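K.L.:
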Amino acid sequence: MNKTIYFIANWKMNGNHNSINEIERVLNFFKKNTIYKFKKIIFCPPSNLLTSFRIKIKSKLIDFGAQDISKINVNNGPYTGQLSAKMLKDSGANYVIIGHSEKRLIDEDFKTIKEKINISLKNKLKIIFCIGENLSQKNKGSSLNVLKKQILSSLDVNKINFNNLIIAYEPIWSIGTGIVPTNNYLDKIYRNLKKFFKEKYKVNSPIMLYGGSVTTDNVATLGKIGLISGFLIGGASLKSTSFIKIIKNYFK
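So the mapping is simple: the numbering used here equals the position in the sequence shown, first residue as 1, plus 940.
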């Protein structure tokens, strides 16, 4: 295997300062197991933990991302509760998750997502861009139309450098439910997305991940889909034992 495989840990609203121990165990595993060469490990903890984690983890084997960013395009100002791109960058983030279904449900529309993406890229933050359809949309057979609309409404054709963008397909009906799409279903999704990106954005090989109930038991099966370049992992990334096992099982 000669392409980079991404394993991104989205901790959501979990973790504390002692959780650095879980990341250190992951780091120690890779220091002792140098056979896992073609992988990229990114932890996205709550933003209050980013600085302390980055200070303690200086290895290039581990990178960090934020879970959100302000849509206000200034470094500082009278905006209570907001975290600017510069603040997140200074805290140690090189990536940021944008468009996650949980955020879309609360306060992110297409305009907001586009603003956040453009601000992030201007501030040299790489994007983990989440897309996904809900169960009703899937049952109506409109999954691909929903995904294409999310993409076109958020990514400016002439502004996006796909070297700084990761697409994370997360079917909403799979997140946290234990229900994982069949490989046939996913293969169709990814093949159509690749074709779409080539036609609309002139990119031949976008980095596309899968997220949604990824576990130690199903990652090997998911890994058989050639167009998947890694995984956005939720609950199973909180403990080093399960996170490491996911990676080991993928590379078996």
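Cβ atoms here follow ideal geometry from the backbone N, Cα and C, with glycine treated the same way. Remember, it's a predicted structure, so these values are computed and weren't measured experimentally.
Which class does K1134 belong to by DSSP, given the choice of helix, strand or coil?
P.N.:
Looking at K1134 - three-state DSSP - the assignment turns out to be helix.
K.L.:
Which residue spans inside the region 941-1002 form an unbroken alpha helix (DSSP H) run of at least 4?
P.N.:
Counting only runs of 4 or more, we get 960-972 and 990-996.
K.L.:
In this structure, does DSSP put S1033 in helix, strand or coil?
P.N.:
First, the residue type needs correcting, since residue 1033 is Ala and not Ser in the sequence shown. Three-state result, A1033: coil.
K.L.:
Work out the CA separation of I1186 and V1159 for me, nearest whole Å.
P.N.:
In a straight line, the C-alpha of V1159 is about 6 Å away from that of I1186.
K.L.:
Please list, in chain order, all residues of the same chain as M1148 whose beta carbon is under 7 Å from its beta carbon, the five residues on each side excluded.
P.N.:
So the list reads I1107, Y1109, Y1130, L1133, L1167, I1168 and S1169, once near-sequence residues are dropped.
K.L.:
Using alpha carbons as the reference points, say which of I975, S1093 and L1126 lies closest to F1050.
P.N.:
When only C-alpha atoms are compared, the closest one is S1093.
K.L.:
Report yes if the C-beta distance between I982 and I1037 is below 7 Å; otherwise report no.
P.N.:
Their beta carbons are not under 7 Å apart, which means I982 does not touch I1037 by this criterion.
K.L.:
If you pair each beta-carbon of the region 1074-1083 with each one of the region 1017-1034, do three or more pairs fall below 8 Å?
P.N.:
Contact fails: fewer than three Cβ-Cβ distances are below 8 Å.
K.L.:
Give the straight-line distance between the Cα atoms of F978 and T944, rounded to the nearest whole angstrom.
P.N.:
The alpha-carbon atoms of F978 and T944 are separated by roughly 5 Å.
K.L.:
Return the chain-ordered ranges of every beta strand (DSSP E) run that is complete within the region 1104-1134 and spans a minimum of 3 residues.
P.N.:
Within the region 1104-1134, the complete beta strand (DSSP E) runs of at least 3 residues are 1105-1109.
K.L.:
Using three-state DSSP, classify I1071 as helix, strand or coil.
P.N.:
Reduced to three states, the DSSP call for I1071 is strand.
K.L.:
Tell me which residue opens and which closes the beta strand (DSSP E) that F1171 is part of.
P.N.:
Element bounds for F1171: G1170 to I1173.
K.L.:
Quick check on the burial criterion: 16 or more other C-beta atoms within 10 angstroms. Buried or exposed for K1056?
P.N.:
It is buried - the Cβ of K1056 has at least 16 other Cβ atoms within 10 Å.
K.L.:
Within 10 angstroms of the Cβ of D1008, are there 16 or more other Cβ atoms? Answer buried if so, exposed if not.
P.N.:
D1008 is buried by the Cβ-count criterion.
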